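Written below as structure tokens is the structure these notes are about.
Written out as structure tokens, the structure is:
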């Protein structure tokens, strides 16, 4: 709305001379909305830094008048930052709070007609701290509104160049004794800095970290008088429950008080700038708080700006969105330097919260647990953003997102930073001269953002369509119904520009709700409002006070009504009472009073009995791997290749009928093997094998019985770190006593091996071995060679029939032999990185590439693991392959395939691997690597592009020119973890549910875990070993999806499955280790605890042992179905090597339609037999001659 029309003539003007020497002023000021004079129209109050604040009285019809002088709230000569309108004293009108930089928090009481009187505490609250945002809530349950003030700083070292720190020595230990000659005993210096002093040759080093000021929590006495709360008196405790010993010192920008964890009680979220961690506090409703555990919230922004909450997927659990400053624009993203993460993601470190320079969207799982999915949602980047606001703009029942952004001075611009540093080196400069160099930074008036909620936890940018894409520096933002039409309009306090009012023109039906709570909480702060309307999901919002960056909404919530004329409205008040309004009219502004509220028992959250019980302590094993810096050796890598393992396997090593787990080893670690004690426990096999230190990572594992040797384990040794070819091999290890040990020489391979798989390809009774080439050492991206080996005279040798079949087949991550065409012989499936799922069909013992004819060639991706199962119960083997999912930095940049260009582009003898994507807006192919990585990988680029912006503006062709023509080009267009339904000659891709796409999946196991007669899938998840520019992938905790027998799947929650695995899960394998007829689960983690889960709730099935012939006594490759002669359950195939680097038990647990008294077996080679299942059998053994033996 034009200012000349509305009469809102206000600008928060700060002249350059002021903000060049005081960067804290650049944080801007806020706005609050509320009806201060009781006339039924919402008024607007703006804060300013270098002029008087302004209160505009709403006259209706989008006309306002300046009411500041009459109201007495100009706050002249104050550096006003944040503001909040709320009833502080319980008299039913809106009082005013104003926060300032170093001049206290000011409190003004309203007489009900818009005339304000300063409280005796005004200006004395919060001392001389640099206050920004504020929030109110009844944190202690006494009925009144308590105040939290988020403090930043009043002064910063960043505005004080030439500052000198003096070093002292006491008892031989160095310390910082003074700053500019001042000792550190002044109150303004207490806890201001944290020093890290490193002694070493020469002068050593000192790292200086400037801290923010402590925040303040004030308790209200019910009359608007506030008493500060101590951080260290036991009210605040850390995640382990220990009282704090000092206040948090984050640079606080925003604070929101509301229920975050679903218990109905007020919690606190504080946004911390400059890598200071966010403060996330769970409240008990009595004024006590405990820090959220890092496993509940695993990621936050690096420089958090603002926060908001909504139930975005309408599952009844609130989700949290926190802003940072990552640009949506490719050029800006690559010409700005973000703050570095506080620490790299270290192997085996799981219980920490990582910070990244981008927005964070925390999907609520219930009970205070969240997973981060901003990239999946398309909300990871909204430019230099300050305030997020969830609002159902189009009134379709799903809350959309508005973001205010822009900055007066882009001090992340790399080229300007470089110019500034060069200018400083030219000559000595005074402090003022150095500060004025900041004028080199360009202004950044970004377009504000509007994102429409698509109802799928994904959002579409509709900024232009909705008229919200004005380019400005917008900081404070508040929502209010300024025209009394029952929807929420928007007010922006802009920096050095006129304030902006946006009218909401949404035509859809709606209902607006205001609350009349009992005094002193007269606006019902902390109440949760739920609306049920026919044809729409249940909508719920909480009434909050403040919480916006520097700003405060009016106290009204708006909900979609759809086509309904009547709705049901429920308000659960802060004190636990409840008001229900049934058949409330649509298209009305409802006022719900608490006076008639009734006590309602607090609903207990459902606690489903989990399917699995964690029994990992039976193993007490932790994987070990020596650290290796892949990025120093291979600067183009985005993910480490030295942290791909381990795999796991099950086998009956001693022939007693009870199976044992094997866990692979990392470099410098040892294989782990555990003997089954037959009573539900295990003990570690202490032998030469398990004490042998591995020189290289052991990746793929397979286990099989070999004539004259017993149980043999094959383990792929992958010397990627060595960087040399012809060093890959596999270990041939005999597990059975008394011959256990390393057996005979094995072939060496030109490239580092990964997965292994066994099958009888030609029906001769002997198993052949596939060795997948994982990577060409030192040349990531070049297609690796894979190999087929045969066992001859007890030794493994290369198969001459397949010498060239797998040459350059690609970077193979997973492999499985499976009879996908049902002709009785084993075909081969491969999961390839930067390639497709490949199919090699078996024609008379010879494998040929049939990827294209099966329709799989189009699904190029970053595939990890692969196996097969009959997911629609038609007897054909379908495929399930694990991938990196949709929560990557490329999710909304892959309208066209991602590409990898591989070659020696600078002719220096090393292989470069350049990731590229098509920039969505201009459809240009551009590099994904930032300038800093590019010049490290190819130093010659620094001479070709003398500025970061020149590189950022260039296309891939501009940068690398004709060299691209000789490159090996790989693509990835499909990142979804996917089931491929076998349709008899071709496959139909069906992505697994969204929960399977939130994090990369590796291990993949197929079994009927719940015993309902349909095949289910387990996925191991997560990957932490990313380049510092890329967020770790930690949104998984091990996912079980239950099949419906028709090719559909339902993900189980953590509570339903009992699976909570938070590390880098890798290999996984299933086995009924305790022989109770239920399938148990083993999951390995890289550099972390191996996890074992016992199935305690699945319906028991029939255990089946196959006794085959010749060199395949376990019947590897057999296909089984259990039924009654008329109907049959899903087909199950025995695999030696599948999923990701692993092997399941070769004793399957079978299910079929009742009465399940018949078993079909198609043996390797194609012979099929049907067996009668003995009555009441729990475990049977079947033979190729048609005989059956009942074991249990």
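Numbering (my numbering), first residue to last: 2 to 1193.
Glycine is no exception: its CB is placed at the ideal position from the N, C-alpha and C atoms.
In this text, all values refer to a predicted model and were calculated from it rather than measured experimentally.
Stretch pair the stretch 519–529 + the stretch 137–153: three plus CB contacts closer than 8 Å: yes
Just curious, the alpha helix (DSSP H) that residue 420 is in, first and last residue? In the chain shown, counting from the first residue as 1, residue 420 sits at position 419. Note, residue 420: alpha helix (DSSP H), 415–427.
Give a yes or no on whether the C-beta atoms belonging to residue 82 and residue 101 are separated by under 9 Å. Walking along the chain shown from the start, residue 82 turns up at place 81. Walking along the chain shown from the start, residue 101 turns up at place 100. Result yes, Cβ atoms of residue 82 and residue 101 sit closer than 9 Å.
Do residue 181 and residue 164 count as a contact pair if the criterion is CB distance below 9 Å? Taking the chain shown and counting its residues from 1, the one referred to as residue 164 is at position 163. Taking the chain shown and counting its residues from 1, the one referred to as residue 181 is at position 180. Cβ distance < 9 Å, so residue 164 and residue 181 count as in contact.
Would you identify the three-state DSSP class for residue 1058, choosing helix, strand or coil? The residue given as residue 1058 occupies position 1057 in the chain shown. Looking at residue 1058 - three-state DSSP - the assignment turns out to be helix.
Closest to residue 230 by CA distance: which of 239, 213, 248 is it? For this step, residue 230 is matched to residue 229 along the chain shown. The candidate whose alpha carbon is nearest that of residue 230 is 248.
Check whether residue 1103 and residue 1123 have beta carbons under 9 Å apart: Position 1102 of the chain shown, counted from the start, is the residue given in the question as residue 1103. Position 1122 of the chain shown, counted from the start, is the residue given in the question as residue 1123. In this structure, residue 1123 lies closer than 9 Å to residue 1103 by Cβ.
Compare the Cα-Cα distances from residue 635 to each of 723, 234, 408 and report the closest residue. Within the chain shown, the letter at position 634 stands for residue 635. For residue 635, the nearest C-alpha among the options comes from 723.
Burial state of residue 678 (16 or more Cβ within 10 Å): Sequence index remark: in the chain shown, residue 678 carries index 677 (1-based). With fewer than 16 other Cβ atoms within 10 Å, it is exposed.
From the DSSP output, which residues share a beta bridge with residue 833? Translated into the one-based positions of the chain shown, residue 833 becomes position 832. The partner list for residue 833 (beta bridge, DSSP) reads 813.
What does residue 678 pair with, by DSSP beta-bridge criteria? By one-based count along the chain shown, residue 678 stands at place 677. Its beta-bridge partners do not exist; DSSP assigns none.
Could you tell me the distance, in whole angstroms, from the CA atom of residue 79 to the CA atom of residue 210? Taking the first residue of the chain shown as 1, we reach residue 79 at position 78. Taking the first residue of the chain shown as 1, we reach residue 210 at position 209. So the alpha carbons of these two residues sit roughly 29 Å apart.
Does the beta-carbon distance from residue 1068 to residue 665 come in below 9 Å? Taking the chain shown and counting its residues from 1, the one referred to as residue 1068 is at position 1067. Taking the chain shown and counting its residues from 1, the one referred to as residue 665 is at position 664. Yes. Within cutoff.
Would you say residue 491 and residue 505 are within 9 Å of each other, going by their C-beta atoms? Start at 1 with the first residue of the chain shown, and residue 491 comes out as number 490. Start at 1 with the first residue of the chain shown, and residue 505 comes out as number 504. Cβ atoms of residue 491 and residue 505: closer than 9 Å.
Determine the DSSP secondary structure at residue 498, reduced to helix, strand or coil. Within the chain shown, the letter at position 497 stands for residue 498. In the structure shown, residue 498 sits in coil (DSSP, three-state: anything other than H, G, I, E or B).
Could you please give the first and the last residue of the uninterrupted beta strand (DSSP E) stretch that includes residue 435? For the purposes of this step, residue 435 is identified with residue 434 of the chain shown, where counting begins at 1. Premise fails: residue 435 lies in the alpha helix (DSSP H), 432–437, not in any beta strand (DSSP E).
Okay, do the stretch 1084–1098 and the stretch 621–640 touch, 3+ Cβ pairs below 8 Å being the bar? yes
In terms of residue numbering, what span does the beta strand (DSSP E) encompassing residue 988 cover? By 1-based counting over the chain shown, the position of residue 988 is 987. Taken as a continuous stretch (DSSP letters only), the beta strand (DSSP E) holding residue 988 covers 988–992.
What is the residue span of the alpha helix (DSSP H) that residue 603 lies within? Position 602 of the chain shown, counting from 1, holds the residue named residue 603. Residue 603 -> no alpha helix (DSSP H), and no H or E assigned at all.
Does the stretch 16–35 come into contact with the stretch 452–464, if we say contact requires no fewer than three beta-carbon pairs (one atom in each stretch) closer than 8 Å? no
Where are the beta strand (DSSP E) runs, 3 residues long or more, that stay fully inside the stretch 1065–1105, in chain order? 1066–1072, 1081–1086, 1092–1096
Boundaries (first-last residue) of the alpha helix (DSSP H) holding residue 937: Counted from its first residue, the chain shown places residue 937 at position 936. 932–938 is the extent of the alpha helix (DSSP H) around residue 937.
Taking the alpha-carbon of residue 1113 as reference, which of 7, 1136, 1121 has the nearest alpha-carbon? On the chain shown, position 1112 is the one that residue 1113 refers to. The shortest C-alpha separation from residue 1113 is found at 1136.
How about residue 1108 and residue 1116: are their beta carbons less than 9 Å apart? If you number the chain shown from 1, residue 1108 lands on position 1107. If you number the chain shown from 1, residue 1116 lands on position 1115. Yes, they are a contact pair.
Cα-Cα, which of 674, 728, 735, 763 is closest to residue 753? In the chain shown, residue 753 corresponds to position 752, counting from 1. Looking at the Cα atoms, 728 is the closest of the given residues.
Pull up the CB-CB distance for residue 570 and residue 593, whole angstroms please, since I reckon it's below 8 Å. Numbered from 1 along the chain shown, position 569 holds the residue referred to as residue 570. Numbered from 1 along the chain shown, position 592 holds the residue referred to as residue 593. Sure, about 7 Å apart at Cβ, within 8 Å.
Nearest-angstrom Cα distance between residue 938 and residue 1121? Residue numbering aside, residue 938 sits at position 937 when the chain shown is read from its first letter. Residue numbering aside, residue 1121 sits at position 1120 when the chain shown is read from its first letter. For residue 938 and residue 1121, the distance between alpha carbons rounds to 52 Å.
Would you call residue 667 buried or exposed, if buried means 16 or more other Cβ atoms sit within 10 Å of its Cβ? By one-based count along the chain shown, residue 667 stands at place 666. The residue in question, residue 667, is buried, as its Cβ has 16 or more Cβ neighbours within 10 Å.
Would you give the residue range spanned by the alpha helix (DSSP H) that residue 944 belongs to? The residue you call residue 944 lines up with position 943 of the chain shown. Residues 942–945.
Mapping the DSSP letters down to three states, classify residue 594 as helix, strand or coil. On the chain shown, residue 594 is found 593 positions in, with the first residue counted as 1. Three-state result, residue 594: strand.
When DSSP labels each residue in this structure, what does residue 377 get in the three-state scheme? As a working note, residue 377 is residue 376 in the chain shown. It is helical.
For residue 1027, which of helix, strand or coil comes out of DSSP? Position 1026 of the chain shown, counting from 1, holds the residue named residue 1027. The answer is strand: DSSP assigns residue 1027 an E or B state.
Where the beta strand (DSSP E) containing residue 34 begins and where it ends: Here residue 34 refers to the residue found at position 33 when the chain shown is read from its first residue. Looking at the DSSP string, the run of the beta strand (DSSP E) that includes residue 34 is 32–35.
Kindly give me the distance between the Cβ atoms of residue 152 and residue 228, rounded to whole angstroms, as I take these residues to be in contact under 8 Å. Reading the chain shown from its first residue, position 151 is the one you call residue 152. Reading the chain shown from its first residue, position 227 is the one you call residue 228. That pair is no contact at about 17 Å.
Beta bridge counterpart(s) of residue 356 as assigned by DSSP: Looking up residue 356 in the chain shown gives position 355. According to DSSP, which records beta bridges pairwise, residue 356 is partnered with 301.
So, using beta-carbon positions, are residue 406 and residue 12 closer together than 9 Å? Translated into the one-based positions of the chain shown, residue 406 becomes position 405. Translated into the one-based positions of the chain shown, residue 12 becomes position 11. Not in contact: residue 406 and residue 12 (Cβ atoms no closer than 9 Å).
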